[in-house]
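Asker: One structure, pasted below without further comment.
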Ligand SMILES: O=C(O)CCC(=O)C(=O)O
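Residue numbers (the working numbering): 1 to 289.
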């Protein structure tokens with residue numbers, strides 16, 4: 001008798017409690033330029049000072065449409081060898097009851113996909129984007145070291161608590177790291193656009209704790225006014241790997257799909273995980289959260 005095939009394992013993102021609404025209180029909207037070609041020395045100086053820069057129309061509607069189609073194809077399983085689709089933890093119970101279209105609105109993130117879709121790779125290797133990244137990386141050639149798609153399904157999309165990206169990366173603390181967050185749908189405060197604490201990238205590592213996620217303690221953030229980064233499709237945010245940022249739960253009926261790429265100077269070596277925890281790990285340091 002032959003053994004039945006093992007069902008494909010389905011990956012789930014964390015299940016997290018709802019955050020206190022006071023954690024996301026934007027008092028202003030992020031500043032920037034219209035096009036990638038507008039980035040010159042003044043914008044590089046702005047990025048160094050504030051830790052971010054917005055480009056409101058970085059990609060054309062055709063480029064956004066192509067990348068979105070690439071993402072949807074991967075979610076729909078057109079590449080059976082692509083495995084890195086993570087569903088919302090809260091969708092676990094209902095997933096078996098959903099049809100293919102509805103499954104789309106239960107996905108939280110995808111990772112390591114650029115070699116599986118040429119349309120997505122085209123954005124991560126876009127010549128204008130790479131040109132803009134060089135001065136932010138101290139003149140070095142940009143190397144992509146992380147590609148993700150972050151999705152907040154209507155009503156279901158969970159928070160990504162406040163954090164610094166370098167708390168997740170195994171590179172020496174002083175390495176320049178630039179995050180690029182690209183809106184595929186319109187991103188608003190209601191559907192969970194990015195929120196930032198400008199200038200706080202200069203303050204060094206903030207301790208992180210495993211709470212709703214690997215995150216900065218809520219008590220450290222409460223009472224702080226943030227800057228929101230609403231974007232139209234094709235708009236992007238460039239941000240420093242040390243800049244504290246987070247996104248609230250999607251409380252709206254609208255999808256929020258985004259791509260996030262991270263770059264560093266080509267050839268940068270990795271460091272052991274202990275180094276990251278020495279700087280960012282909150283546990284065992286006699287502090288409370
Ligand atoms: O897009 C989001 O919801 C948050 C993205 C983010 O900050 C991250 O994954 O580091």
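In this text, a Cβ means the ideal position worked out from N, Cα and C, and glycines have one as well.
Identify the continuous beta strand (DSSP E) that holds residue 146 and give its terminal residues.
Answerer: Taking the first residue of the chain shown as 1, we reach residue 146 at position 146. It spans 142-152 - the beta strand (DSSP E) in which residue 146 sits, taken as one unbroken run.
Asker: Going by other Cβ atoms of all chains shown within 10 Å of its Cβ, with 16 needed for buried, is residue 97 buried or exposed?
Answerer: Position 97 of the chain shown, counting from 1, holds the residue named residue 97. Under this definition residue 97 is an exposed residue.
Asker: Which residue or residues does DSSP assign as beta-bridge partners of residue 194?
Answerer: Counted from its first residue, the chain shown places residue 194 at position 194. 229.
Asker: Count the other CB atoms, across all protein chains shown, that sit within 10 Å of the CB of residue 291; report buried if there are 16 or more and exposed otherwise.
Answerer: Nothing can be reported for residue 291: it is not among the residues displayed for the chain, which extend from 1 to 289.
Asker: Once DSSP output is grouped into helix, strand and coil, what is the label at residue 10?
Answerer: Within the chain shown, residue 10 is the residue found at index 10, counting from 1. Reduced to three states, the DSSP call for residue 10 is coil.
Asker: On a CA-only basis, which of 119, 76, 146 and 136 is nearest residue 99? Give me that one, please.
Answerer: Numbered from its first residue, the chain shown carries residue 99 at position 99. Residue 76 is the option with its Cα nearest to residue 99.
Asker: Closest to residue 194 by CA distance: which of 61, 238 and 114 is it?
Answerer: By one-based count along the chain shown, residue 194 stands at place 194. Of 61, 238 and 114, the residue nearest in Cα terms is 238.
Asker: Under the rule that 16 or more other beta-carbon atoms within 10 Å means buried, what is residue 27, buried or exposed?
Answerer: Here residue 27 refers to the residue found at position 27 when the chain shown is read from its first residue. It counts as exposed.
Asker: Classify residue 265 as helix, strand or coil using the three-state DSSP reduction.
Answerer: Your numbering for residue 265 matches position 265 in the chain shown. Of the three classes helix, strand and coil, the one that applies to residue 265 here is strand, per DSSP.
Asker: Measuring straight from C-alpha to C-alpha, what distance separates residue 79 and residue 116?
Answerer: Position 79 of the chain shown, counted from the start, is the residue given in the question as residue 79. Position 116 of the chain shown, counted from the start, is the residue given in the question as residue 116. For residue 79 and residue 116, the distance between alpha carbons rounds to 7 angstroms.
Asker: So does residue 76 have its beta carbon nearer than 7 angstroms to some heavy atom of ligand 1?
Answerer: Counting from 1 along the chain shown, the entry for residue 76 is found at position 76. No, ligand 1 has no heavy atom inside 7 angstroms of this Cβ.
Asker: Could you tell me whether the Cβ atoms of residue 11 and residue 32 are closer together than 8 angstroms?
Answerer: Here residue 11 is taken as the residue at index 11 of the chain shown, counted from 1. Here residue 32 is taken as the residue at index 32 of the chain shown, counted from 1. Taking 8 angstroms as the Cβ cut-off, residue 11 and residue 32 do not qualify as a contacting pair.
Asker: Closer than 6 angstroms by C-beta to residue 119: which residues in its own chain qualify, once you throw out the five before and the five after it? Chain order, please.
Answerer: Along the chain shown, read from residue 1 onward, the residue named residue 119 stands at position 119. Closer than 6 angstroms at Cβ, skipping near neighbours: 66, 67 and 70.
Asker: Taking the alpha helix (DSSP H) that residue 287 falls in, what are its first and last residues?
Answerer: Along the chain shown, one-based indexing puts residue 287 at 287. From DSSP, residue 287 is part of no alpha helix (DSSP H); its letter is neither H nor E.
Asker: In terms of residue numbering, what span does the beta strand (DSSP E) encompassing residue 273 cover?
Answerer: Reading the chain shown from its first residue, position 273 is the one you call residue 273. In the DSSP assignment, residue 273 falls outside any beta strand (DSSP E) and within the unbroken alpha helix (DSSP H) covering 273-280.
Asker: Grab the span of the beta strand (DSSP E) containing residue 163 for me, first residue to last.
Answerer: As a working mapping, residue 163 is identified with position 163 in the chain shown. Unbroken beta strand (DSSP E) run through residue 163: 160-163.
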